[in-house]
Amino acid sequence: MMHAVVTIMLKKGVLDPQGKAIGHALEGLGFEGVGEVRQGKVITLEIPDGTGESTVRDMCEKLLANPVIEDYEIEMRT
Amino acid sequence: MFTLPEAPLKRLPCERRSCYSKNMKASIIVFPGTNREKDMAMALERVSGRKPQLVWHKETDLGAPDLIVLPGGFSYGDYLRCGAMAAHSPIMREVIDRAAKGTRVLGVCNGFQMLIETRLLPGALLRNKTLKFICRQTNLRCENGETEFTRKLGKGSVIRVPVAHGEGNYFANGEILRELESEQRIAFRYCDERGETGSSANPNGSTANIAGIFNKRKTILGMMPHPENAVLTHHDNDSGLKLFEGIVEALA
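Chains as they are written, first to last, in the numbering used here: chain A, -13 to 64; chain B, 23 to 274.
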């Protein structure tokens, strides 16, 4: 089996209130100079050897990400 | 298929008797985590006089409904994205197929999220701007009174309907928004008691105060607020009745 790691982030320009709240909390803890904070999610998939990235892309388009508001990156790990 | 309990309906103070024939058949789809199906069934029965059919998501036979309802709740625990799992469940293929053939579909709250996830309706529903789950009364201004859903309301009328959601912040980019506006596909906007749609009347940060939208043909309505919880006098008010009366009148 091989693995694919899918990282999903809100598109630039889509308001990310969770990221904003995290940024404020870091500021409250005394961490200075932190710029924009954005929160996303990581999904790891165990897939049969030889699976193409295009199959994972298809999974992203159909279910894992919502292309209207989210961008995704795929990392294939053999 | 399972049936609703008889007792609660008999105790309802029905000052308005249903005035339509029992012709409109409604099917309410129930997913694991759905929790508003009975409110919806009571509202529809109150107006139509006919019990809607509750259809468990594992069933493949929808019957021949005039109206399909995707009710509110937390289907599949809101995993991945609200409504995403339900949108890809087997019964949904049947719903999409029926919707394409013109069967009317109403999605409320989680049901609206499902309609967005199936892409029967455009845009996206994000976390509320406040990051808080909001449960309170809102005022909605009807933006298009020329549809089967809103014919009893009329453009500009205001109804008072509760919202209860964490992810109801409707997002549409400029292109989608222009399309919705030019095609009169915005059903409801959040407003104040006088019908003004300022940002203070926007509970969740939705683009252009949008609370509900139609598909191109106006055969599908998705909305975050719960009209089924504004149909009895002890529900704060019953201004949601007109929505159901319009649907029943149009489809009976």
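Each residue gets a CB set at the ideal place from its N, CA and C atoms; glycine is no exception.
Contact under 9 angstroms by Cβ, residue i with residue j
i, j, result
"G85 (chain B)", "V77 (chain B)", "yes"
"F96 (chain B)", "L147 (chain B)", "no"
"L153 (chain B)", "V117 (chain B)", "no"
"A233 (chain B)", "L143 (chain B)", "no"
"T(-7) (chain A)", "K48 (chain A)", "no"
"P249 (chain B)", "A65 (chain B)", "yes"
"E81 (chain B)", "I50 (chain B)", "no"
"G227 (chain B)", "N191 (chain B)", "yes"
"L50 (chain A)", "L102 (chain B)", "yes"
"P87 (chain B)", "P184 (chain B)", "no"
"H187 (chain B)", "N150 (chain B)", "yes"
"E18 (chain A)", "G9 (chain A)", "no"
"I90 (chain B)", "L128 (chain B)", "yes"
"N231 (chain B)", "T219 (chain B)", "yes"
"G145 (chain B)", "G178 (chain B)", "no"
"I55 (chain A)", "V20 (chain A)", "no"
"D66 (chain A)", "K(-3) (chain A)", "Only positions -13 to 64 of chain A appear in the structure, and residue 66 (chain A) is not among them; the question remains open."
"R115 (chain B)", "L263 (chain B)", "no"
"T276 (chain B)", "G94 (chain B)", "Residue 276 (chain B) is absent from the structure shown; chain B starts at 23 and stops at 274."
"E32 (chain A)", "M62 (chain A)", "no"
"D61 (chain B)", "N251 (chain B)", "yes"
N-terminal and C-terminal residue of the alpha helix (DSSP H) that residue i is part of
i, result
"N132 (chain B)", "N132 to E139"
"R200 (chain B)", "G196 to S204"
"L162 (chain B)", "Per DSSP, L162 (chain B) belongs to no alpha helix (DSSP H); it is in the beta strand (DSSP E), I156 to C164."
"A121 (chain B)", "P112 to A122"
"A272 (chain B)", "L263 to L273"
Enclosing beta strand (DSSP E) for residue i [first to last residue]
i, result
"R6 (chain B)", "The structure shown does not extend to residue 6 (chain B), since chain B is modelled only from 23 to 274, so the question has no answer here."
"P184 (chain B)", "V180 to H187"
"M107 (chain B)", "First-last for M107 (chain B): A106 to A109, but that is the alpha helix (DSSP H), not the beta strand (DSSP E)."
"F236 (chain B)", "I232 to F236"
"M(-12) (chain A)", "M(-12) to L(-4)"
"M245 (chain B)", "I242 to M245"
"A146 (chain B)", "A146 to L148"
"N191 (chain B)", "N191 to F193"
"R211 (chain B)", "I208 to C213"
Spatial neighbours of residue i in its chain, beta-carbon cut-off 6 angstroms, leaving aside the 5 residues before and after
i, result
"V42 (chain A)", "A(-10) and I60"
"R158 (chain B)", "none"
"E37 (chain B)", "Because E37 (chain B) carries a pLDDT of 43, less than 50, the predicted location of this residue cannot be relied on, and no value is offered for it."
Contacts around residue i, its chain only, beta-carbon distance under 7 angstroms, and the 5 residues preceding and following it disregarded
i, result
"C104 (chain B)", "N132, Q135, L147 and E189"
"G124 (chain B)", "T241"
"K32 (chain B)", "At K32 (chain B) the pLDDT is 40, less than 50, meaning the model places this residue with poor confidence and gives no usable figure here."
"T37 (chain A)", "M(-12)"
"V52 (chain B)", "E59, L76, V77, W78 and H79"
"N259 (chain B)", "R182 and A252"
"E205 (chain B)", "K238"
"P30 (chain B)", "Annotation note: pLDDT 46 at P30 (chain B) (below 50); position unreliable, no value reported."
"R120 (chain B)", "L84 and I90"
"T64 (chain A)", "M(-12)"
"P53 (chain A)", "E47"
Proximity test, Cβ basis, 9 angstroms: residue i and chain C
i, result
"K48 (chain A)", "The structure shown contains no chain C; its protein chains are A and B."
Close-in-space but distant-in-sequence residues of the same chain around residue i (CB under 8 angstroms, 5 per side omitted)
i, result
"P34 (chain A)", "M(-13) and M(-12)"
"C164 (chain B)", "T172, L175, G176, K177, G178, S179, V180, I181, A209 and F210"
"R24 (chain A)", "M(-5), L(-4), D2 and G5"
"S111 (chain B)", "F53 and H79"
"D214 (chain B)", "N161, G220, S222 and A223"
"L34 (chain B)", "With a pLDDT of 43 at L34 (chain B), under the threshold of 50, the modelled position of that residue is not reliable, and no figure is offered here."
Near the ligand NAP: residue i beta-carbon under 8 angstroms from a heavy atom
i, result
"E67 (chain B)", "Looking at this structure, you won't find the ligand NAP or any other ligand, since it has none at all."
Is it the case that the region 263 to 274 of chain B contacts the region 201 to 208 of chain B, given that we only count it when at least three CB pairs across the two stretches are under 8 angstroms?
The region 201 to 208 of chain B vs the region 263 to 274 of chain B: no contact.
So within the region -1 to 60 of chain A, which uninterrupted alpha helix (DSSP H) runs reach at least 4 residues, ignoring any that extend past its ends?
3 to 14 and 39 to 45
Does the region 253 to 260 of chain B come within contact of the region 236 to 244 of chain B, defined as at least 3 CB pairs closer than 8 angstroms?
At 8 angstroms Cβ cutoff, the stretches do not touch.
Contact between the region 204 to 221 of chain B and the region 160 to 177 of chain B is defined here as three or more beta-carbon pairs at a separation below 8 angstroms; is this criterion met?
yes
Indicate whether the contact test is met: 3 or more Cβ pairs, each with one atom in the region 59 to 73 of chain B and one in the region 98 to 105 of chain B, closer than 8 angstroms.
no
Going along the chain, which unbroken runs of the beta strand (DSSP E) with 3 or more residues stay wholly within the region 51 to 106 of chain B?
75 to 78 and 89 to 92
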